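Read through the structure below, which is laid out as structure tokens, and then see the notes.
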Amino acid sequence: MEVDKGKGEAEETRKVAEADRDTVTLKSSDGKLFEVSKEAAARLSTVLAGMIAGGSIDDNGTDLKQIGSEALENVVDYCNKHANSIPSAALISSSISFNTAPFKEPEEWERKFVDRLSHDALFDLVEAANFLGMERLLDVTCHKISEMMKGKSPDQIREVFNIKNDYTKEELEEIRQELAWAFYDD
Amino acid sequence: MAEASSNARVTPAVAECRINALGNDVLLRAISFLEARQLVQTCVLSRRWRNLWRSVPRINATHHEFDGMAESDEERSVLFKKFTNAFLKLRDPVTLDAFRLNYCMPGYQESVDPHAESEDANLWIQHALQSNARSVEVEIWNGDLLLNAAVFASNCFLTSLQLSCVILRRGFFRNLQTGCTALERLLLSGCAIYDIEISSETVKVLSIDDSSYFTTDKRISISISSLSYLVFSASARMPLLKNMGSLVAASVSVDLDGTQVDDILQFLRSLSAVTNLDINFQGTMKMQKNSQWCPKFNNLTALTLGDWCLSADYVLIVFLQNCPNLVKLTVKTEKCNTSQAIISKLKGKEGSLTCQNMEMLEIVCSEGDRNVLEKLLVQGDITSWNVCVRRQ
């Protein structure tokens with residue numbers, strides 16, 4: 001894993017430069033340290049951007065008590081990958097991209113990034129992205145959840161997500177009748 | 001991955017229901033990626049889900065979800081209309097972020113009045129705009145939607161509008177300008193456009209593609225001082241571009257028939273501040289050997305040209321002489337054989353080339369033999385450039 005540079009070396013890095021660092025150190029609920037580019041963190045997370053701007057970043061590791069180390073590792077990984085995926089030769093590309101689109105389908109690397117996650121890791125990441133105000137990551141992970149539902153029957157969806165059906169038969173019948181326009185004969 | 005962490009939150013051995021533990025906002029965000037019919041059907045999953053569909057921030061209504069449920073297109077259209085009308089009527093009056101409509105019209109029939117046939121879709125779009133939708137995307141199949149431009153005239157929050165196979169009657173752009181004062185992105189595909197003047201003070205991205213057309217023979221004018229990206233390849237006379245000071249990149253394809261040298265100069269001059277340009281001219285127009293038709297493109301770093309630039313010996317040269325900062329040149333050509341001509345021109349036998357920064361030459365051709373081409377490139381002896389050849 002090329003990502004979590006900061007894990008073991010955070011101690012050293014901290015000594016090197018206290019001010020003007022171009023990274024920030026984040027601390028997971030279980031005390032592990034991760035280093036992430038300040039620029040990427042500020043660009044991708046509204047919460048981290050606010051902390052950086054407000055000077056509430058702790059050089060010894062900013063406590064993120066709500067986020068476990070696995071999820072935080074994924075967050076940091078995502079930020080780094082995102083930073084790298086920005087086409088540096090943007091000027092050279094002659095194709096015109098529509099960056100202002102409200103929702104862009106996940107890119108190939110984003111798809112791969114969420115596809116490799118276990119069920120629990122995906123949900124941990126959704127919660128971390130939500131907590132940190134990472135709009136894009138939240139969209140990409142939520143999109144993955146929707147893909148796990150797409151085209152499946154209610155029974156299949158309940159199985160995938162372990163949802164307990166707490167309706168009575170009568171209630172279900174009532175709903176189907178009330179919303180007949182969405183069910184028809186299936 | 002499966003390794004249990006010391007995280008206090010993750011302990012139960014029995015598989016827990018992670019999805020139901022999400023907050024409403026997040027859950028709504030996830031399910032709003034579903035297509036509308038499946039989205040509504042999530043209400044049967046459990047009590048938690050019963051009314052979620054009513055307040056999703058995105059609606060994606062598509063006729064595909066009704067495929068195979070009806071004998072004919074017409075019947076399917078009835079089911080889809082009934083569904084969409086009910087959905088929009090019964091949803092909670094919450095703000096809508098995005099509305100996407102993918103609608104197969106019942107088709108052309110003599111008995112059908114196009115105005116009446118378009119009424120439902122116009123109401124749906126109106127509903128989306130009144131729900132403060134920021135993005136609206138409408139794709140019509142099997143017919144054309146007569147869009148009621150009045151729905152855009154009242155104050156709306158729209159930032160992105162994407163229309164496909166829609167009829168835009170006269171006054172559409174004016175209404176858009178009056179009502180949609182936050183609009184930044186306007187993409188039109190396969191649209192019939194009745195307006196002659198397109199103007200805006202907010203649009204940054206405008207695309208009118210080659211399946212769109214203007215119903216007039218008159219010259220269209222586009223005046224958008226906020227525009228950064230322009231794609232224009234609709235069938236129309238060469239448009240008059242005004243107030244293009246913010247333009248960064250453009251991809252244009254226009255017909256030269258009936259245009260004067262002055263028109264071309266004016267057209268190119270309005271594009272002359274861009275850094276990226278893809279330009280294609282069709283039809284015949286004698287470009288003069290002198291460079292009067294070509295302004296200086298001082299910012300241009302990436303240029304893409306079509307076959308037209310090979311129509312006469314000097315066209316490519318004149319163009320390149322006016323692009324002192326060009327880094328990458330792409331030539332799209334029908335035949336690979338023409339590559340030799342391109343390369344010999346670029347070698348600048350007359351020593352007239354001034355593209356000192358040029359690093360990359362890309363030739364995209366739709367037919368021809370790659371090997372022959374590579375040989376040509378070797379013979380061409382352009383060692384300082386990164387040359388690549390792609391087949392389309």
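Chains as they are written, first to last, in full-length UniProt numbering: chain W, 1 to 186; chain F, 1 to 392.
Glycine is no exception: its CB is placed at the ideal position from the N, C-alpha and C atoms.
Model, not experiment: these values are computed from the prediction.
Exercise for the section: Can you tell me which of the three DSSP states Leu256(F) falls into? Expected result: coil
Exercise for the section: For my contact list, Asp195(F) and Arg134(F) are in at a C-beta cut-off of 8 Å; report their separation, rounded to the angstrom. Expected result: That pair is no contact at about 24 Å.
Problem - At least three beta-carbon pairs within less than 8 Å, the segment 115-123 of chain F to the segment 19-35 of chain F - result: no
Handout entry: Under 7 Å from the C-beta of Trp181(W): neighbouring residues of chain F
Key = Lys82, Phe83, Ala86
Exercise for the section: Run through the segment 198-255 of chain F for me and flag every whole beta strand (DSSP E) of 3 or more residues, listed as ranges in chain order. Expected result: 205-208, 221-224, 229-232, 240-242, 249-255
Handout entry: Near-chain F residues of the segment 151-164 of chain W (beta-carbon distance less than 8 Å), N- to C-terminal order
Key = Gly151, Pro154, Ile157, Arg158, Phe161, Asn162, Ile163, Lys164
Problem - Buried versus exposed, by CB contacts within 10 Å (16 or more), Ser251(F) - result: buried
Handout entry: Start-to-end residues for the beta strand (DSSP E) that takes in Cys104(F)
Key = 98-104
Exercise for the section: Report yes or no: do three or more beta-carbon pairs, one from the segment 149-156 of chain W and one from the segment 108-116 of chain W, lie closer than 8 Å? Expected result: no
Exercise for the section: Alpha carbon to alpha carbon, how far is Gln292(F) from His143(W)? Give it in angstroms, no decimals. Expected result: 53 Å
Handout entry: Residue from Val248(F), Glu119(F), Arg76(F) with nearest C-alpha to Leu146(F)
Key = Glu119(F)
Exercise for the section: Measure how close the beta-carbons of Trp53(F) and Leu88(F) come, nearest whole angstrom, since I'm counting them as under 8 Å. Expected result: Contact flag wrong, Cβ pair sits at about 12 Å.
Problem - Minimum Cβ-Cβ distance from Ser56(W) to chain F less than 8 Å - result: no
Handout entry: C-alpha gap between Ser253(F) and Val327(F), whole angstroms
Key = 22 Å
Exercise for the section: Output the boundary residues of the beta strand (DSSP E) element that contains Ser164(F). Expected result: 160-164
Practice task
Take Glu107(W) as the anchor and find which of Ala129(W), Asp124(W), Arg136(W), Asn130(W) has the nearest alpha-carbon.
Solution key: Arg136(W)
Handout entry: Below-8 Å beta-carbon distance, Phe131(W) vs any chain F residue
Key = no
Problem - Nearest neighbour of Phe80(F), chosen from Ala153(F), Arg50(F), Leu247(F), Arg37(F) [CA to CA] - result: Arg37(F)
Exercise for the section: Rounded to whole angstroms, what's the CA-CA distance from Cys309(F) to Phe267(F)? Just pull it up for me. Expected result: 16 Å
Exercise for the section: Mind reading off the beta-carbon distance from Thr25(W) to Glu39(W)? Whole number of angstroms is fine, and I expect it under 8 Å. Expected result: Contact flag wrong, Cβ pair sits at about 15 Å.
Exercise for the section: Determine the closest residue to Met360(F) out of Glu334(F), Leu329(F), Thr333(F), with distance taken between C-alpha atoms. Expected result: Leu329(F)
Handout entry: Cutoff 8 Å: Ser46(F) Cβ touching any chain W Cβ
Key = yes
Handout entry: Pick from Ser72(F), Ser223(F), Cys104(F) that is closest to Val166(F), judged by C-alpha positions
Key = Cys104(F)
Practice task
Say whether chain W places a C-beta atom closer than 8 Å to the C-beta of Ile31(F).
Solution key: yes
Problem - Distance, Pro93(F) Cα to Asn85(F) Cα - result: 14 Å
Handout entry: Own chain partners of Asp30(W) with C-beta closer than 8 Å, once the 5 adjacent residues on each side are dropped
Key = Gly68, Ser69
Handout entry: Outcome for Arg47(F) when other beta-carbon atoms lying within 10 angstroms are tallied against a minimum of 16
Key = exposed
Exercise for the section: Note down, in chain order, all residues in the segment 21-48 of chain W with a beta-carbon under 7 Å from any beta-carbon belonging to chain F. Expected result: Ser29, Asp30
Practice task
With DSSP as the reference, label Thr42(F) as helix, strand or coil.
Solution key: helix
Exercise for the section: Would you please state the rounded distance, in angstroms, between the beta carbons of Ser154(F) and Thr95(F)? I believe it to be under 8 Å. Expected result: Contact flag wrong, Cβ pair sits at about 16 Å.
Problem - Beta-carbon contacts of Lys65(W) that lie in its chain and below 8 Å, excluding the five residues immediately before and after - result: Ser29
Exercise for the section: Report yes or no: is there a C-beta of chain F within less than 8 Å of the C-beta of Met149(W)? Expected result: yes
Problem - Buried versus exposed call for Glu174(W) [16 or more other C-beta atoms within 10 Å across all chains shown] - result: exposed
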